[in-house]
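The sequence shown: position 21 = 21 (full-length UniProt numbering), numbered continuously. Remarks on the structure that follows.
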Amino acid sequence: MSAAATRKALVLFSGGQDSTACLAWALQRYAEVETIGFDYGQRHRVELDCRQVVRRELAAAFPAWAAKLGEDHLLDLGLLGQISDTALTEARAIEMQANGLPNTFVPGRNLLFLTFAATLAYRRGASVLVGGMCETDFSGYPDCRDNTLKALQVALSLGLDAPMTLETPLMFITKAETWALTAQLGGAALNELIIEHTHTCYLGERSQRHAWGYGCGSCPACELRARGHEEYRAGVR
1 MSAAATRKAL
11 VLFSGGQDST
21 ACLAWALQRY
31 AEVETIGFDY
41 GQRHRVELDC
51 RQVVRRELAA
61 AFPAWAAKLG
71 EDHLLDLGLL
81 GQISDTALTE
91 ARAIEMQANG
101 LPNTFVPGRN
111 LLFLTFAATL
121 AYRRGASVLV
131 GGMCETDFSG
141 YPDCRDNTLK
151 ALQVALSLGL
161 DAPMTLETPL
171 MFITKAETWA
181 LTAQLGGAAL
191 NELIIEHTHT
201 CYLGERSQRH
211 AWGYGCGSCP
221 ACELRARGHE
231 EYRAGVR
């Protein structure tokens, strides 16, 4: 038995495509997996409604994973939304800023998420945190970079005086490769589940269903997801 097969993981789970891919990845790999989500006043808070649906559908479709799927935790981080001035926390147009970052960047968000997740993991007996951060197909967010997360892993482990591993299975893969990863993990059933039940659109739009899932179709998150799905489908034909 591998060392991973005996460890407990806590997955940062938003209800979106990437975090669902990470949840499936963790369920395939670890002995027990719990999930954590954050309500920070996000504009697309419909994702919070999708979280439980995705968990339920995963458990129903994959009994072996259901046996490993533990508790879910939702933390109120409303203060983050109150001190933010971004297009993810306010009804404003999505655009690039003078610093080269889109105004969807919520400063410190992933740093806070992982710190709170590590605090919970410590109490729950989990030694692995799993997140969907990626620096291949992404918007340039500095807290999604591998170097940022490696530094944070060291800081958390030192601060807790307990080893805390940060796993980012999507870090160096494209969105097309993310679709391929979930197909490898759970076949067409998992990808269909992701299309039907997850939410990634920044505007919280769920009235339009596309080949890749629900969303406005024009925000950066939708465009990235659509392009990745198209490239994945072209590659499997």
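C-beta: ideal position from N, C-alpha, C; glycine also. Remember, predicted model here, so these are calculated numbers, not experimental data.
For residue i, the residue or residues it bridges with in DSSP
i: K8; result: E32
Pick from the options that is closest to residue i, judged by C-alpha positions
i: Q185; options: G15, A5 and R29; result: Gln is not the amino acid found at residue 185; the sequence shown has Leu there. Selected option, being the one with the closest Cα: R29.
i: G159; options: L12, T119 and H197; result: T119
i: H229; options: A21, C22 and A180; result: A180
i: L77; options: Q208, N110 and Y232; result: N110
i: L203; options: K8, E34 and Q42; result: Q42
i: L170; options: V130, E223 and L156; result: V130
i: A176; options: L48, R227 and Q208; result: R227
i: L114; options: G215, S14 and C216; result: S14
i: D18; options: G215, H199, S207 and L48; result: H199
Helix, strand or coil at residue i according to DSSP, with G and I counted as helix
i: T165; result: strand
i: H73; result: strand
i: H210; result: strand
i: A170; result: Reading off the sequence shown, one finds Leu at residue 170, where the question assumed Ala. The answer is coil: DSSP assigns L170 none of H, G, I, E or B.
i: A87; result: In this prediction, A87 has a pLDDT of 47, which is less than 50 and means its spatial position is unreliable; nothing more can be read from the coordinates.
i: G129; result: Here residue 129 is Leu; the residue named in the question, Gly, does not match the sequence. L129: strand per DSSP, three-state reduction.
i: G16; result: coil
i: F38; result: strand
i: C219; result: coil
i: K150; result: helix
i: S2; result: coil
i: K68; result: coil
i: C134; result: coil
i: C201; result: coil
i: G235; result: helix
i: R225; result: helix
i: G140; result: coil
i: R55; result: helix
i: G108; result: coil
i: residue 322; result: Residue 322 is absent from the model: the chain starts at 1 and stops at 237.
i: F62; result: coil
Beta-carbon separation (whole angstroms), residue i vs residue j, contact threshold 8 Å
i: E135; j: D146; result: 6 Å
i: T182; j: A24; result: 6 Å
i: V33; j: L69; result: 6 Å
i: V53; j: H210; result: V53 to H210, Cβ: 18 Å. No contact.
i: L10; j: A162; result: About 13 Å separates the two Cβ atoms, so there is no contact after all.
i: T166; j: L193; result: The amino acid at residue 166 is misidentified as Thr; the sequence shows Leu. Not confirmed; about 26 Å, so no contact.
i: G37; j: R56; result: With 8 Å as the limit, G37 and R56 do not qualify as a contact, their Cβ atoms being about 14 Å apart.
Backbone CA spacing between residue i and residue j [nearest angstrom]
i: R225; j: G235; result: 15 Å
i: L190; j: S218; result: 25 Å
i: L75; j: E205; result: 23 Å
i: A5; j: Q153; result: 21 Å
i: A151; j: M133; result: 14 Å
i: A121; j: P63; result: 24 Å
i: Y141; j: A67; result: 35 Å
i: L12; j: T174; result: 19 Å
i: H73; j: F116; result: 11 Å
i: A26; j: G187; result: 16 Å
i: V46; j: G16; result: 10 Å
i: G213; j: A221; result: 12 Å
i: A87; j: C201; result: Here A87 scores only 47 on pLDDT, less than 50, and its place in the model should not be relied on; the value that follows carries that caveat. Distance between the alpha carbons of A87 and C201: 12 Å.
i: Y40; j: L79; result: 7 Å
i: R7; j: A21; result: 19 Å
i: T178; j: R123; result: 31 Å
i: E231; j: E223; result: 12 Å
i: L58; j: E71; result: 14 Å
i: A61; j: A31; result: 18 Å
i: L156; j: T35; result: 19 Å
i: L48; j: G215; result: 15 Å
i: R233; j: I195; result: 13 Å
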